[in-house]
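Notes for the one structure printed next.
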Amino acid sequence: MTINPNQLKKLNSLILTLQKQSVTLESVTHYPGLKKDGTEKKTKYYKKAYKEKYKQLSAIEATLNDVIKTLVPHSYPTQIDSLLSEIDKMKPLKKPINSSEYSEEIDLYFNSLLHIQCQISRANGLLPLIIFDLNSMYLDYYDNFLDKQNSLISDNKKLESQIKALQEEIDHLKRKQPQPNSENKIIFTVKKEHPRGGCKLTDKQIERLLLIRAKRGKYADMTLSEAIKSIAQTHRTYYKVVNRDYLSEKTRRRIENIAKKLNIELPEI
């Protein structure tokens, strides 16, 4: 059986709560006053005593249900179900079968207290057994948790040792590997070229852009956007060519020579 650290912590807290509830759960005591005391005093006493005991048993019931929720799907002490079944018989109030010499209200709370006493007696008998079993389970879970933790620590240390040995082997192989010299070193170079002075456009593409500027041929009746689109170019490329917006002097001269050949005037730069 396994249980996570949060469940283990919760279980320990619930055991401590049950221990406190068990210590404070005392049997019902009869009215401590005089027999001749008035009905009002007796009613007040039994009513208060009933509410206190009912509240105590309800709190124990809630704690036991929390224990079950914490341990499910794992097993839990069977006495918990027995005690919960007994507490479940507790009703808000038990009406007396026969009226006594006291008032009906006193009889109502007195009779209910006697009924609750059955649950208190049962709780006082079962709670110590439940707490003992829960403590035993907690210790078993805790020991199991520590064993797993120690096993993980041991595995982690082994892994660290293996990684360290592997790193040392890699470093050793690097030191043994011969360094390349000028005779066996292969040098790869990338030939950097800027075709046509850094402009990727062909002479024909430049010529078409210049004809668009001059509105000649089939571009005469087209708008600028239509003409540029027809040759699959962009406005940016168009203006870059027309304005010779290139760093390469060779590219600028090439554009100007094509314009001169076509007798197209370009803007000054």
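Residues in the sequence shown are numbered from 17 upward in steps of one, following the working numbering. Ideal placement from N, C-alpha and C gives every residue a C-beta, glycine not left out.
Alpha carbon to alpha carbon, how far is residue j from residue i? Give it in angstroms, no decimals.
i	j	result
Asp82	Pro89	13 Å
Lys276	Arg270	10 Å
Thr218	Ile228	16 Å
Leu129	Ala78	20 Å
Thr59	Asn28	40 Å
Leu87	Val44	32 Å
Leu143	Lys164	31 Å
Ser101	His131	14 Å
Leu41	Phe148	17 Å
Val206	Met238	Only weak support exists for where Val206 lies, its pLDDT of 46 falling under 50; the value from the coordinates is given anyway. One C-alpha to the other measures close to 43 Å.
Thr267	Glu185	57 Å
Tyr254	Glu284	16 Å
Leu80	Ile103	11 Å
Arg191	Ile179	18 Å
Arg232	Asp261	23 Å
Arg252	Ile274	19 Å
Gln183	Leu168	22 Å
Lys25	Gln193	56 Å
Thr33	Val39	10 Å
Asp159	Gln133	39 Å
Lys64	Ile96	28 Å
Leu150	Phe161	16 Å
Ser177	Leu155	33 Å
Asp171	Lys71	51 Å
Leu282	Glu265	16 Å
Using the three-state DSSP reduction, which class does residue i fall into: helix, strand or coil?
i	result
Cys215	coil
His90	coil
Leu240	helix
Ile280	coil
Thr33	helix
Ile247	coil
His131	helix
Asp261	coil
Ser43	coil
Pro144	helix
Lys85	helix
Ile19	coil
Gln193	coil
Ile285	coil
Met106	coil
Arg270	helix
Arg229	helix
Thinking residue i and residue j are a contact (beta carbons under 8 Å), I'd like their distance in whole angstroms, please.
i	j	result
Leu73	Gln135	6 Å
Ile76	Gln37	5 Å
Glu223	Leu263	Actually they are not in contact, since the Cβ atoms of Glu223 and Leu263 sit about 22 Å apart, beyond 8 Å.
Ala243	Tyr235	4 Å
Relative to the alpha-carbon of residue i, which residue among the options has its alpha-carbon at the smallest distance?
i	options	result
Ile31	Arg252, Ser264, Leu145	Leu145
Asn22	His46, Tyr157, Ile132	Tyr157
Leu99	Ser177, Asn140, Asp171	Asn140
Thr55	Tyr125, Glu68, Leu24	Tyr125
Ala94	Lys57, Gln133, Met153	Looking at the sequence provided, one finds Thr at residue 94 rather than Ala. The candidate whose alpha carbon is nearest that of Thr94 is Met153.
Val258	His46, Arg138, Gln221	Gln221
Lys69	Lys57, Lys25, Thr33, Ser137	Ser137
Ser91	Ser177, Ile19, Ile280	Ile19
Asn127	Leu162, Tyr66, Ile96, Asp171	Tyr66
Ser246	Ile280, Leu225, Leu175	Leu225
Lys256	Cys215, Glu281, Leu240, Ile280	Cys215
Does the beta-carbon of residue i, which I'm using as the reference point, lie nearer than 8 Å to any heavy atom of the ligand HEM?
i	result
Asn81	Absence of the ligand HEM from the depicted structure is noted, as is the absence of any ligand whatsoever, leaving it without description.
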